[in-house]
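Have a look at the structure below, then the notes.
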Amino acid sequence: GNPRFTVAVQNALGGATATLVIDENDPGAMANPPASASFARTSLLLNGIGAGNGNGSVSLAIPDHASLMGKTLYGRWYVNDAGAPQGWAVSPAFKFTIFGTATNAAPAVASVSAASYAVGTVAAESIVAGFGANLSTTTLAANALPLPETLGGVTVTIKDVLGVERLAPLFFVSPGQINYQVPTGAAIGEGFITIKQNGNVVASGLLQIAPVAPGIFTVEGNGRGLPAATVLRVKADGAQSYEEVARFDTTTNRFEAVPIDFGPATDQLFLIVFGTGFRHRNASSAATATISDATAEVLFAGAQGSLIGVDQLNLRLPRTLAGRGNTDLATRVDGKTANAVTISFK
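Put into structure tokens, the structure is as follows:
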């Protein structure tokens, strides 16, 4: 059978009528119990005699319905008591969220960082890739700002741990993948994602939202290999120039590393790395970077500023890395490790 749960009331007026109301919204501390409710409204006579001696409970089944998955419900007891204000004693509100898989539940969607593709948590306001089947009937990318909340008839709704629902800004939709941003304001904790196509639910699943879940974008778009990054060179006279760390080779049909050349001793080099999921770090000092066995000073770790959901790391490159060839860049933010990427030094 369906799973059940029990709601009890005690220390009420014995022998009185008690009404339990459970709804999508707080039923409220009104004088009378609401006449109807979206989930349950039921009454019983309390056991016991006299004030403070009444008790009772109600056992309810959770319907096997996909629309309830991830839904937060609120409830109150209303006890008919002439000695209470306006004739009703009203309990404090309680709430609970239903999680699980119904037999007619929508297919699952798995959400990961769109930078690292690491399974687990995603960060508030970060860019996320959701994978599933038949998520969209078309393949479309957003081509204007602000990002749309509906793209090709597809919407993504995030319901956070507090029960607040928000539409997610959409970067891209396709039958197998949707890229979206965790909506601004989504509370930290276990949330629920629902994907709809022309108003019909096509996929749903859990979403673990954390303050920080760092990921580094890569040129191949798979979380491995060469990073989405650039080198800033500052000469002794203050002149600045930008240099690439990866270049697409039409012969091999793949991205190849462009070794970083430190040049004259008076040149200063900075590596600017793009990622997502670390703009809400505790402090710049909470970000660290190691290249091979050398520590790279982190000068900035935060929102990139002009690209939605994109974060940026600015690193000072130590000259001890000259001649190292291909090396791994490892970064940590607030104790969370990002995906390792590869850079090359001449």
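One rule links them: number in the numbering used here = place in the sequence shown (from 1) + 1157. Every residue, glycine too, gets a C-beta built ideally from N, C-alpha and C. Since we're looking at a predicted model, the values are computed, not measured.
- Going by other Cβ atoms of all chains shown within 10 Å of its Cβ, with 16 needed for buried, is residue 1496 buried or exposed? As a first step, residue 1496 is located in the sequence shown; it is residue number 339 there, counting from the start. Per the 10 Å Cβ criterion, buried.
- Of the residues 1418, 1479 and 1170, the one placed nearest residue 1241, counting alpha carbons only: Taking the sequence shown and counting its residues from 1, one reaches residue 1241 at position 84. Distance check between residue 1241 and each of 1418, 1479 and 1170 places 1170 closest, using alpha-carbon atoms only.
- Item | the segment 1483 to 1490 touching the segment 1446 to 1455, judged by at least three CB pairs closer than 8 Å | Taking a cut-off of 8 Å for Cβ pairs, the segment 1483 to 1490 and the segment 1446 to 1455 touch, as three or more such pairs fall below it.
- Query: Taking just the CA atoms, how far does residue 1294 sit from residue 1403?
  - Reply: Here residue 1403 corresponds to residue number 246 of the sequence shown, with the count starting at 1. Here residue 1294 corresponds to residue number 137 of the sequence shown, with the count starting at 1. Annotation: residue 1403 to residue 1294 spans about 34 Å, alpha carbon to alpha carbon.
- Message: Only counting the same chain, and skipping five residues up and downstream in sequence, which positions put a Cβ closer than 8 Å to that of residue 1158?
- Response: Taking the first residue of the sequence shown as 1, we reach residue 1158 at position 1. Its pLDDT being 47, under 50, residue 1158 is placed unreliably by the model, and the measurement read from it follows with that caveat. The residues are 1218.
- Item | In DSSP terms, what residue 1389 is bridged to | Taking the sequence shown and counting its residues from 1, one reaches residue 1389 at position 232. The partner list for residue 1389 (beta bridge, DSSP) reads 1399 and 1427.
- Query: Are residue 1248 and residue 1231 touching if we call contact CB-CB under 9 Å?
  - Reply: Residue mapping note: residue 1248 aligns to position 91 of the sequence shown, counting from 1. Residue mapping note: residue 1231 aligns to position 74 of the sequence shown, counting from 1. Inclusion of residue 1248 and residue 1231 in the CB contact set at 9 Å is not warranted, their separation being larger than that value.
- Task: To the nearest angstrom, report how far apart residue 1344 and residue 1199 are at their CA atoms.
- Result: For the purposes of this step, residue 1344 is taken as the residue at position 187 of the sequence shown. For the purposes of this step, residue 1199 is taken as the residue at position 42 of the sequence shown. For residue 1344 and residue 1199, the gap between their C-alpha atoms comes out near 32 Å.
- Message: Considering only DSSP beta bridges, list what residue 1337 is partnered with.
- Response: Position 180 of the sequence shown, counted from the first residue, corresponds to residue 1337. When DSSP reads this structure, residue 1337 sits in a beta bridge with 1285 and 1327.
- Given 8 Å, three or more beta-carbon pairs between the segment 1351 to 1364 and the segment 1261 to 1275: Cβ pair count under 8 Å is three or more, so yes.
- Item | Where the beta strand (DSSP E) through residue 1231 begins and ends | On the sequence shown, residue 1231 is found 74 positions in, with the first residue counted as 1. For residue 1231, the uninterrupted beta strand (DSSP E) segment begins and ends at 1229 to 1237.
- Item | Burial state of residue 1516 (16 or more Cβ within 10 Å) | No information on residue 1516 is available, as it lies outside the stretch 1158 to 1503 that the chain covers here.
- Task: Could you give the DSSP three-state label for residue 1280: helix, strand or coil?
- Result: Along the sequence shown, one-based indexing puts residue 1280 at 123. Annotated three-state conformation of residue 1280 is strand, per DSSP.
- Query: How is residue 1319 classed by DSSP in three states: helix, strand or coil?
  - Reply: If you number the sequence shown from 1, residue 1319 lands on position 162. Looking at residue 1319 - three-state DSSP - the assignment turns out to be coil, as it is neither helix nor strand.
- Identify whether residue 1169 lies in helix, strand or coil by the three-state DSSP scheme. Sequence index remark: in the sequence shown, residue 1169 carries index 12 (1-based). Looking at residue 1169 - three-state DSSP - the assignment turns out to be strand.
- Query: Between the C-alpha atoms of residue 1469 and residue 1297, what's the straight-line distance to the nearest angstrom?
  - Reply: For the purposes of this step, residue 1469 is taken as the residue at position 312 of the sequence shown. For the purposes of this step, residue 1297 is taken as the residue at position 140 of the sequence shown. Straight-line Cα distance between these residues: approximately 26 Å.
- Environment of residue 1282 [buried if 16+ CB atoms lie within 10 Å]: Numbered from 1 along the sequence shown, position 125 holds the residue referred to as residue 1282. Within a 10 Å sphere around the beta-carbon of residue 1282 sit 16 or more other beta-carbons, which makes this residue buried.
- Whose CA, out of 1319, 1215, 1162 and 1339, lies closest to the CA of residue 1325? Here residue 1325 refers to the residue found at position 168 when the sequence shown is read from its first residue. Proximity to residue 1325 across 1319, 1215, 1162 and 1339 peaks at 1339, based on C-alpha coordinates.
- Between residue 1464 and residue 1431, what straight-line distance do the alpha-carbon atoms span, to the nearest angstrom? Position 307 of the sequence shown, counted from the first residue, corresponds to residue 1464. Position 274 of the sequence shown, counted from the first residue, corresponds to residue 1431. As the crow flies, the alpha-carbon of residue 1464 is around 10 Å from that of residue 1431.
- Task: Going by DSSP, name the residue or residues bridged to residue 1216.
- Result: The residue labelled residue 1216 in the question sits at position 59 within the sequence shown. Looking at the DSSP assignment, residue 1216 forms a beta bridge with 1163.
- Task: Could you check what DSSP says for residue 1442 in three-state terms: helix, strand or coil?
- Result: Start at 1 with the first residue of the sequence shown, and residue 1442 comes out as number 285. In the structure shown, residue 1442 sits in a helix (DSSP, three-state: H, G or I).
- Item | Buried versus exposed, by CB contacts within 10 Å (16 or more), residue 1206 | By 1-based counting over the sequence shown, the position of residue 1206 is 49. Residue 1206 should be labelled exposed.
- beta strand (DSSP E) segment containing residue 1452, residue limits: Residue 1452 sits at position 295 when you count from the first residue of the sequence shown. First-last of the beta strand (DSSP E) with residue 1452: 1451 to 1460.
- Task: Starting from the C-beta of residue 1189, find all residues in its chain whose C-beta is less than 7 Å away, skip the five residues before and the five after it, and write them out in chain order.
- Result: As a working mapping, residue 1189 is identified with position 32 in the sequence shown. Answer for residue 1189: 1245, listed in chain order.
- Message: According to DSSP, simplified to helix, strand and coil, what is residue 1375?
- Response: Numbered from 1 along the sequence shown, position 218 holds the residue referred to as residue 1375. The answer is strand: DSSP assigns residue 1375 an E or B state.
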